[in-house]
Amino acid sequence: MAVNERGQAEDDALTLLHLATARLRRHTDDGWVAVAPRVLASALAALRTSHPVRGRHSEGDFSVADGVLRASVRTLLDGDPRLRVSRIAFRTDADGTLEQAVVELSAAYLQPIAPLADDVRRTVARHLRDVLGDPDLPDAVVSVDLVVTDVHRP
Numbered sequence: 001m002a003v004n005e006r007g008q009a010e011d012d013a014l015t016l017l018h019l020a021t022a023r024l025r026r027h028t029d030d031g032w033v034a035v036a037p038r039v040l041a042s043a044l045a046a047l048r049t050s051h052p053v054r055g056r057h058s059e060g061d062f063s064v065a066d067g068v069l070r071a072s073v074r075t076l077l078d079g080d081p082r083l084r085v086s087r088i089a090f091r092t093d094a095d096g097t098l099e100q101a102v103v104e105l106s107a108a109y110l111q112p113i114a115p116l117a118d119d120v121r122r123t124v125a126r127h128l129r130d131v132l133g134d135p136d137l138p139d140a141v142v143s144v145d146l147v148v149t150d151v152h153r154p
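Have a look at this one:
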């Protein structure tokens with residue numbers, strides 16, 4: 001297929017995107033605020049390719065799709081009433097070894113940011129080490145960065 005040719009899957013995705021956009025335009029502002037995080041996460045997931053992230057265990061190396069890793073981190077953080085996750089991104093080196101995790105979130109109004117950031121960094125780093133099979137990996141090797149882009153009512 002030529003670079004500028006689209007396949008049926010891409011056409012179907014664009015049709016769904018146009019349909020979703022048209023329906024979302026009918027939402028009130030309050031309705032949009034309620035559904036926006038899920039809609040944006042779904043749209044990004046539908047259009048994002050998955051990349052392998054290298055893990056290690058006693059039997060050798062394995063890989064985990066970054067989408068699976070992203071979903072596991074989101075599930076871990078979704079239970080925390082102090083925050084709402086907007087986006088999770090990973091950066092790996094050429095071999096697929098995780099170097100950085102970025103968590104973009106909304107903090108609850110009046111929530112102290114420093115303790116929240118410390119808790120999220122520690123929780124995410126521990127989870128990534130557990131999932132990727134290297135519990136002795138120092139925090140400095142895999143940095144977990146937070147970006148607080150909004151606040152919300154608790």
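Be aware that the sequence shown starts at 1, since it is given in the UniProt record's numbering, and climbs by one per residue.
Cβ atoms here follow ideal geometry from the backbone N, Cα and C, with glycine treated the same way.
For Ser72, there is no enclosing beta strand (DSSP E); the residue is found in the alpha helix (DSSP H) stretching over Asp66 to Asp78. Contact check for Val103 against Ile88 passes: the beta carbons are separated by less than 8 Å. By the Cβ neighbour-count rule, Gly79 is exposed, with fewer than 16 other Cβ atoms within 10 Å of its own. Your pair Ser106 and Leu83 checks out as a contact, with CB atoms roughly 7 Å apart and the cut at 8 Å. For His57, the pairing in a beta bridge is given by DSSP as Gly60. For the pair Leu128 and Ala101, the CB atoms are nearer than the 8 Å cut-off.
Collapsing the DSSP output to three states places His18 in a helix.
Under the three-state reduction of DSSP, Arg153 is assigned to coil, being neither helix nor strand.
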